[in-house]
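Asker: Counting with numbering that gives the first Met the number 0, you get residues 0 to 246 for the letters of the sequence shown.
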Amino acid sequence: MERPQGGGLDGAASRLGAGAPAARLGSAEAHRLVGPGAAAAASARGHTRAESGLQGGLDAAVAEARAAHPDRPVEVWAEDEHRLGLKPIRRRVWAPTGQRPIALGHHRYQWLHVAAFVQPTSGEAVWYLCSSLSKPFFAELLATFARETGAGRERSIVLVLDNAGWHGPKDLPIPDGIRLVFLPPYSPELQPAEHLWPLVDEPIVNRHLATLDELSTIVAERCRQLDAATLQPHTNFYWWPRPVQPS
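Okay, here's the thing in structure tokens:
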């Protein structure tokens with residue numbers, strides 16, 4: 000498992016050991032073919048007001064980034080966090096007629112978080128595991144993401160976030176090459192990264208896990224398996240801006 004370069008991330012040790020930086024998870028090289036997800040299909044309805052407002056904000060941010068650095072490509076990414084723990088996740092399953100499927104569980108309120116940055120039109124993703132979330136932690140996470148993706152050197156990135164408190168722009172240092180755009184309130188349906196979480200959850204649903212370390216190991220391996228070919232059909236919203244190449 001890779002880890003970010005540099006020092007640890009304040010207040011959020013990875014599940015690999017206390018005091019360690021948040022763990023970055025690589026993406027598997029193998030490609031898998033999957034059917035197109037509902038998110039990728041063009042909708043027959045018109046744009047909602049929230050969707051149109053977000054598109055306007057994204058177009059403006061892309062134009063500003065391109066004007067500031069015409070020699071860099073501009074990409075629009077999305078970021079979200081997902082909490083997992085030892086409280087079981089239950090889903091319906093097929094079972095033989097007359098047999099009731101049983102899923103064992105032991106509710107314990109211990110948690111870890113998965114943070115995902117995804118480029119929706121390509122499916123390129125960067126994953127991190129952490130034990131807690133806060134504004135200082137998110138600032139370090141944002142800096143790590145910018146450094147590892149070459150933001151400010153190789154490309155400009157417009158990053159779409161929800162309105163979680165630790166995302167708030169007040170007192171949040173923004174790395175060079177990153178521009179933040181916030182979703183309209185109460186509009187998770189406009190966040191492509193939301194579609195990652197059912198895929199991440201698949202290997203742990205209806206399972207009893209004894210420790211957070213066991214959970215972390217399974218989730219880390221799952222994130223490695225989720226390559227761009229698997230993610231892109233779920234995140235490629237038809238209205239999402241495509242990368243803009245240098246002029």
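Note that the Cβ used here is the ideal one computed from N, Cα and C, for glycine as well. Predicted, not measured: the structure shown is a model, and the values here were computed from it.
CB-CB under 8 Å to GLN190, same chain, minus the five flanking residues each way: which ones, in chain order?
Answerer: For the purposes of this step, residue 190 is identified with residue 191 of the sequence shown, where counting begins at 1. Excluding sequence neighbours, GLN190 sits near ALA77, ASP79, VAL159, ASP161, LEU182.
Asker: Measuring alpha carbon to alpha carbon, tell me which of GLY149, VAL75, ASP200, PRO184 ends up nearest HIS81.
Answerer: By one-based count along the sequence shown, residue 81 stands at place 82. Among GLY149, VAL75, ASP200, PRO184, the Cα nearest to that of HIS81 belongs to ASP200.
Asker: Check whether the Cβ atoms of PRO119 and PHE236 lie closer than 8 Å to each other.
Answerer: As a first step, residue 119 is located in the sequence shown; it is residue number 120 there, counting from the start. As a first step, residue 236 is located in the sequence shown; it is residue number 237 there, counting from the start. Contact: yes.
Asker: Under the DSSP definition of a beta bridge, which residues are partnered with VAL218?
Answerer: What you label residue 218 is simply residue 219 of the sequence shown in a count that begins at 1. Answer is none; VAL218 lacks a bridge partner.
Asker: Note the first and the last residue of the continuous beta strand (DSSP E) segment covering PHE181.
Answerer: The count along the sequence shown starts at 1 and reaches residue 181 at position 182. 177-181 is the extent of the beta strand (DSSP E) around PHE181.
Asker: If we ignore side chains and look at the alpha-carbon of each, how far apart do ILE177 and PHE144 end up?
Answerer: On the sequence shown, residue 177 is found 178 positions in, with the first residue counted as 1. On the sequence shown, residue 144 is found 145 positions in, with the first residue counted as 1. If you take the alpha carbons of ILE177 and PHE144, they lie about 10 Å apart.
Asker: Could you say if the stretch 107-124 and the stretch 222-231 meet the contact criterion of at least three C-beta pairs nearer than 8 Å?
Answerer: At 8 Å Cβ cutoff, the stretches touch.
Asker: Distance check for GLY104 and ARG152, CA to CA, integer angstroms please.
Answerer: Along the sequence shown, read from residue 1 onward, the residue named residue 152 stands at position 153. Along the sequence shown, read from residue 1 onward, the residue named residue 104 stands at position 105. The alpha-carbon atoms of ARG152 and GLY104 are separated by roughly 48 Å.
Asker: Distance check for THR216 and VAL243, CA to CA, integer angstroms please.
Answerer: Position 244 of the sequence shown, counted from the start, is the residue given in the question as residue 243. Position 217 of the sequence shown, counted from the start, is the residue given in the question as residue 216. Looking at the two C-alpha atoms, the distance is approximately 37 Å.
Asker: For ALA114, which three-state DSSP category applies?
Answerer: Taking the sequence shown and counting its residues from 1, the one referred to as residue 114 is at position 115. Correct three-state label for ALA114: strand.
Asker: Comparing alpha-carbon positions, which option in GLY55, ASN205, ALA209, TRP196 lies nearest ARG221?
Answerer: Working through the sequence shown from its first residue, we reach residue 221 at position 222. Here the closest residue by C-alpha is TRP196.
Asker: Measure the CB-CB distance between LEU128 and VAL218 and report whether it falls below 8 Å.
Answerer: Here residue 128 corresponds to residue number 129 of the sequence shown, with the count starting at 1. Here residue 218 corresponds to residue number 219 of the sequence shown, with the count starting at 1. The answer is yes: Cβ separation under 8 Å.
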